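As numbered in this note's numbering, the sequence shown has no gaps in its residue numbers, which increase by one up to the final residue, 309. Virtual Cβ for every residue (Gly too), placed ideally from N, Cα, C. Only a predicted model underlies this, so the values are computations on that prediction, with no experimental measurement involved.
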Amino acid sequence: MTSALAEQQRTLLAALWMPQRESAFAALASSRALDATPSWQRGIDAYRSNASALAERALSGVYPVVAQLLGTDNFRALSRDLWRHAPPMRGDVGCWGDNFAGQLERTPGLMDAQPYLPDVARVEWCTHEAARAADGVADIASLQLLVEHDPSHITLVLAAGTACIASAYAVASIVNAHLEGTPSMEQAADRLRGKVAETAVIWRSGFKPCVREALAAEQQFIAALQERRSLADSLDSADGLDFNTWLATALHSGLLLRAELA
């Protein structure tokens with residue numbers, strides 16, 4: 048690549064990411080690398096408009112609940128701001144947007160009005176990641192290991208994309224109220240007003256990302272299993288977990304895929 052071409056690309060990219068179109072045109076006009084003709088200006092406008100629309104579409108697909116909670120205008124503005132200040136680093140736009148929760152935390156006034164939004168965004172990003180995760184292999188017959196071996200010699204394998212988000216807010220209730228209708232909006236609002244803290248468990252069952260409130264000590268149990276620790280060690284790390292209740296819930300929901308020798 049020649050130095051002139053490299054300079055042209057740098058100038059063009061800088062213009063594309065500037066917050067105001069007037070600033071972009073001024074940068075082009077002052078540059079010797081590009082000729083800021085009307086055709087260039089029309090091209091810059093088209094690129095900037097398409098990028099802004101793509102940013103909003105991409106994030107609304109990942110964060111539908113946050114989009115509803117923010118409202119159309121606020122969500123559009125935040126989406127475009129994130130695109131300008133933290134643009135995609137890979138060709139797959141589905142990999143972009145993991146830092147949206149951090150942007151929400153840094154937005155003046157938002158944490159006072161809707162302090163739960165960043166954690167809702169974290170839950171939604173985990174559901175997005177779960178949807179894109181490689182398929183796990185289910186083997187229910189392998190659970191026979193639970194009766195044939197000591198818990199210190201086996202471990203449990205969880206579904207694709209399993210994650211936990213601990214929050215001071217009722218994030219699992221908020222997400223499910225918006226996406227599943229259960230609990231109701233009124234019930235989720237009551238939990239929010241009551242300052243009920245929830246840990247959300249996220250996983251994929253078949254092709255569907257799922258969210259529910261964690262059982263007591265379930266987050267610690269899941270973390271230990273994801274470290275490939277034995278069932279015995281995992282249970283020791285999760286004081287207060289009702290394993291029989293967890294096992295029935297995990298099997299029914301597809302959270303648990305199989306057992307393996309540790």
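Report the residue from the options whose alpha carbon sits nearest the alpha carbon of residue i.
i    : options                : result
F122 : A148, D139, A297, D159 : A148
D128 : E103, G118, E195       : E103
Q150 : M136, A306, L125       : L125
A245 : K255, C257, G253, A263 : According to the sequence displayed, residue 245 carries Glu and not Ala. Of the listed residues, the one whose Cα sits closest to E245 is A263.
F254 : L302, Q266, V243, C142 : L302
Q266 : W293, G241, V243, P256 : W293
Just the C-alpha distance for residue i and residue j, rounded to the nearest angstrom, thanks.
i    : j    : result
A247 : A219 : 5 Å
A235 : G118 : 18 Å
R153 : G144 : 15 Å
I212 : T174 : 11 Å
G156 : A297 : 40 Å
S231 : P165 : 21 Å
P134 : C142 : 11 Å
I221 : E171 : 11 Å
L192 : R131 : 52 Å
By Cβ distance, which residues of its chain are closer than 8 Å to residue i, with the 5 residues on each side in sequence left out?
i    : result
V140 : L101, A105
R259 : A219, N223, A247, V248, S300
A207 : A177, A180, A181, D182, G183, W250, R251
A270 : C211, S284
Near residue i, which residues of its chain fall below 6 Å by C-beta distance, leaving aside the five closest residues on each side in sequence?
i   : result
F24 : The shown model of the chain, from 48 to 309, leaves out residue 24, and the question about it has no answer.
Less than 7 Å between C-beta atoms, sequence neighbours within five positions excluded: which residues of the same chain meet that for residue i?
i    : result
Q115 : H225
A217 : A235, R238, L239, V243, E245
Per the contact definition of three or more C-beta pairs closer than 8 Å, is the stretch 270-277 in contact with the stretch 194-202?
yes
Ranges of the beta strand (DSSP E) found wholly within the stretch 227-291, counting only runs of at least 3:
245-252, 255-260
At what residue ranges does the stretch 125-206 contain a whole run of the beta strand (DSSP E), taking only runs of 3 or more?
201-205
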